[in-house]
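Each residue of the sequence shown is one higher than the one before, counting from 1 in the numbering used here.
Note that the Cβ used here is the ideal one computed from N, Cα and C, for glycine as well.
Structure first, then comments.
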Amino acid sequence: MRRFKRVLFTTLLCLQSFFHLAYPLMVGLSILGATLGIVLMLTPSKVENSSQLICLSFALVGVYLALVKKHYSQILAWADTRKSQVIHIRNKTNLFYK
């Protein structure tokens, strides 16, 4: 478990900038995919059975992204196995690391 926490901490810390840059695009794709799934459910077609799976998949990805963004600092603090647990997280008001 300690190794998993170390890998998770390193990954989240290194990919923090990427996550903040790619988050709007990924949420937009999730909304687009869920909307496409709903449209496919409402139209008679050969993929009507798969459209529920498409809609559910994209909705779950969107919920996952929202939860990770909301609890990013808590997940990072939980995964931190270092002795001094001081981490400076960038937010909208603090654009530079301290």
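- If you ignore the 5 residues before and after residue 47, its C-beta comes within less than 6 Å of the C-beta of 40, all in its own chain and listed in chain order.
- Under the three-state reduction of DSSP output, residue 47 falls in the coil class, being neither helix nor strand.
- Shortest Cα-Cα distance from residue 58 to any of 3, 15, 5, 29 involves 29.
- Beyond the five residues adjoining it in sequence on each side, residue 34 comes within less than 6 Å, by CB distance, of 55, 58, 59 in the same chain, given in chain order.
- Secondary structure remark: continuous beta strand (DSSP E) runs of at least 3 residues inside the stretch 17–63: none found.
- Sequence-distant partners of residue 38 (beyond 5 residues in either direction) whose C-beta falls short of 6 Å from its own C-beta, in its chain, are 55.
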